[in-house]
Amino acid sequence: MKTASGFITHITLLAVAASALLSCTGNRGTEALLQRTEDIMNERPDSTLMILRNMDEGRLRTKGLKARHALLLSQALDKNYIDLQSDSSISKAVRYYEKTKDHESLFKSYYYLGRIHFNAGNYNDAMQTYLKAEELTDRTDDDFAKALLYAQIGNLYRTYYNNTRSLEFFERAYEHYEMAGMESHKIYTKISMGPIYNDIGEYEKGLSMIREALQWGHDNGRLDVCMLSE
Numbered sequence: 066m067k068t069a070s071g072f073i074t075h076i077t078l079l080a081v082a083a084s085a086l087l088s089c090t091g092n093r094g095t096e097a098l099l100q101r102t103e104d105i106m107n108e109r110p111d112s113t114l115m116i117l118r119n120m121d122e123g124r125l126r127t128k129g130l131k132a133r134h135a136l137l138l139s140q141a142l143d144k145n146y147i148d149l150q151s152d153s154s155i156s157k158a159v160r161y162y163e164k165t166k167d168h169e170s171l172f173k174s175y176y177y178l179g180r181i182h183f184n185a186g187n188y189n190d191a192m193q194t195y196l197k198a199e200e201l202t203d204r205t206d207d208d209f210a211k212a213l214l215y216a217q218i219g220n221l222y223r224t225y226y227n228n229t230r231s232l233e234f235f236e237r238a239y240e241h242y243e244m245a246g247m248e249s250h251k252i253y254t255k256i257s258m259g260p261i262y263n264d265i266g267e268y269e270k271g272l273s274m275i276r277e278a279l280q281w282g283h284d285n286g287r288l289d290v291c292m293l294s295e
């Protein structure tokens, strides 16, 4: 467990690194810092969000830098469970990447735009945007990103009471979480699938998934999983 002093030290080191990178000449320093924030996004989303929020917009001198910053900021906000309902920032990334051959960044831009539509309750817009992202899944090797997309589409179909399609996409999500080695996400997917199997009358399969999630949560000291499974 990280202590408060350890956390502060980590933040301080990141701030020093950010300062050093930004001292580099022109766009190269900004590009290096954005790359650094992307590298630590999953490990330290809180630190990444702090850096991106405090970045001087004057450093974002090109459309490419502005688009990348907008995409990374949307990603950092999402990973910190801050639900945006305005697409003004991520739309910059979408518009930019739609004109480039950077299909992976466009895939992620569509995904986070879909998340914003979903948060705002615009489910039809969310589905249309997610399906645009799905068309690009063969252009990225990021299994974790694919799994996140499939899980969100599964959630949307669940909202529409389309259990068959919901299960189809949750199963895809589970497959790609497994490829990415994301064990806890696999368990959360089972928690999502269990009630759906119950709804379609496959009670034993649904109960088996919930039991497996409970056991995993107990074995790994994850009370959050245990509570969601009950």
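All you need for the working numbering is the position in the sequence shown, starting with 1, plus 65. Glycine included, every Cβ here is placed at the ideal spot set by N, Cα and C.
For Asn184, same chain residues with a beta-carbon under 7 Å away, outside a window of 5 residues either side, are Asp148, Leu149 and Gln150 in chain order.
With a minimum length of 4 residues, the unbroken runs of alpha helix (DSSP H) contained wholly in the region 163-206 fall at 168-184 and 188-199. Cα atoms of Leu196 and Tyr161: separation of roughly 19 Å, rounded to the nearest angstrom. In this structure, His250 places its C-beta atom within 9 Å of the C-beta atom of Ala212. In the structure shown, the three-state DSSP call for Tyr226 is coil. Of the other Cβ atoms in all chains shown, 16 or more fall within 10 Å of the Cβ of His241; this residue is therefore buried. Distance from Arg276 to Gln217 at the Cβ level is roughly 26 Å; contact not present, criterion being Cβ atoms closer than 8 Å.
Per the coordinates, the alpha-carbon of Val159 lies some 8 Å from the alpha-carbon of Ala132. Excluding residues up to 5 positions away in sequence, Asp152, Tyr188, Asp190, Ala191 and Thr194 lie with their Cβ nearer than 8 Å to the Cβ of His182 in the same chain. Put simply, the backbone Cα of Leu136 is about 26 Å away from that of Tyr222.
Residues His241, Met244 and Ala245 of the same chain have their beta carbon placed closer than 6 Å to that of Asp208, with the five preceding and five following residues left out of the count.
Note on geometry: alpha-carbon atoms of Asn285 and Ile252 lie some 12 Å from one another.
For His134, the CB contacts under 8 Å within the same chain, skipping 5 residues up- and downstream, are Leu99, Leu117, Met120 and Leu125 in chain order. Under the DSSP assignment, Asp264 falls in the alpha helix (DSSP H) whose first and last residues are Glu248 to Asp264.
In its chain, beyond the 5 residues on either side, Gly271 and Leu272 have a beta carbon closer than 8 Å to the beta carbon of Asn263. Tyr215 is classed as buried because its beta carbon has at least 16 other beta carbons within 10 Å across all chains shown. In terms of Cβ geometry, Ser139 and Ser154 form a close pair [threshold 9 Å].
The C-beta separation of Arg204 from Phe235 comes to about 23 Å, leaving the pair out of contact by the 8 Å criterion. The beta carbon of Gly266 is closer than 8 Å to none in its chain, skipping five residues each way along the sequence.
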